[in-house]
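Below is one structure, written out as structure tokens; the observations come after it.
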Amino acid sequence: MLAVPGGSFAMGHPAGAFGLGGAEPIHEVTLRPYYLDVLEVTQDDYARVMGGNPSSNRDPRHPVETVSWHDADAYCRRLGKRLPTEAEWEFAARADGSWRRIFTGRYYQLHDYANYSEFRPEQSGLTNIPFDLEKDGYEFVAPVKTYRANGWGFHDLYGNVAEWVADWHGPYPHRAVTDPTGPPQGTEKVWRGGHFRSAPGQTVPYARESDPPATTSHFVGFRCAADRP
């Protein structure tokens, strides 16, 4: 795990971002320091703790997937950890603004940092978007740590598999908040980040989706967090 410093950041994104919804409004979030896993939980990690491997693309070096939110939560708790909050996940993915270097310039540089879809803009008519045309090397999931770490040292936050977080899904607040944990109840849990079938514009740090907590998908895995004393 890596220690993440506390701090404040602007969470979310204005309405109308490419391929996204529900990431608005932008609001200030202040977080206390915490720990976050450097890597997504692998199939080998999961099998050692939980006694089995539910993944559809089997390889001990690959991130575990086809796990429900309940499974992910149970794994982290058995190790004395927890799932990160949505805000903690996004703070680490933004890495004090250094993520923008990956997503700006003549082309996105995602092929160095993320396992995402072999997406071709000419196939969708989105030729005005500066997509990275380099192949990332993997059609499905890749071994963890295949790609470069972000500015804070975390791997695979922008791709490979998306990741369950602790929060129930709900609209963002229209005010500044400290250590938010999401709504007290709900019907769907949030998952964050891009995955190996995401278009490049859907791998940004503010992308968010959700599913009922019993849902399993070969697109979704997780990593754990922990409180800092």
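Position in the sequence shown (from 1) plus 141 gives the number in this note's numbering. From the three backbone atoms N, C-alpha and C, an ideal C-beta is built for every residue, glycine too. Note that the structure is predicted; figures quoted are calculated from it, not measured.
- Boundaries around M191 are those of the alpha helix (DSSP H), 184–191, since no beta strand (DSSP E) includes it.
- For the pair G221 and V302, the Cα-to-Cα distance works out to about 23 Å.
- Taking 8 Å as the cut-off, the beta carbon of E206 is found no closer than this to the beta carbon of V306.
- A straight line joining the alpha-carbon of A317 with that of R199 spans about 43 Å.
- Counting only residues of its own chain and dropping the five nearest sequence neighbours on each side, D368 has a CB closer than 7 Å to the CB of Y175.
- Under the three-state reduction of DSSP, F150 is assigned to strand.
- Shown here, Y216 sits in a helix according to DSSP, grouped into three states.
- Within its own chain, the residues whose Cβ lies closer than 7 Å to the Cβ of P155, once the five positions on either side in sequence are excluded, are E165, I167, listed in chain order.
- Across the structure, S209 and D320 are spaced so that their CA atoms are roughly 24 Å apart.
- Here R364 is buried. Its C-beta has 16 or more other C-beta atoms within 10 Å.
- By the neighbour-count definition (other C-beta atoms within 10 Å, threshold 16), P225 is a buried residue.
- In the DSSP annotation of this structure, the continuous segment of the beta strand (DSSP E) that includes R333 starts and ends at 330–333.
- Rounded to the nearest angstrom, the gap between the Cα atoms of P353 and H310 is 10 Å.
- Nearest Cα to P325 within the set G362, F337, P312: P312.
- Contact between E181 and E304 holds, with the beta-carbon distance rounding to 7 Å and staying under 8 Å.
- Under DSSP, T319 takes part in a beta bridge, and its partners are T171.
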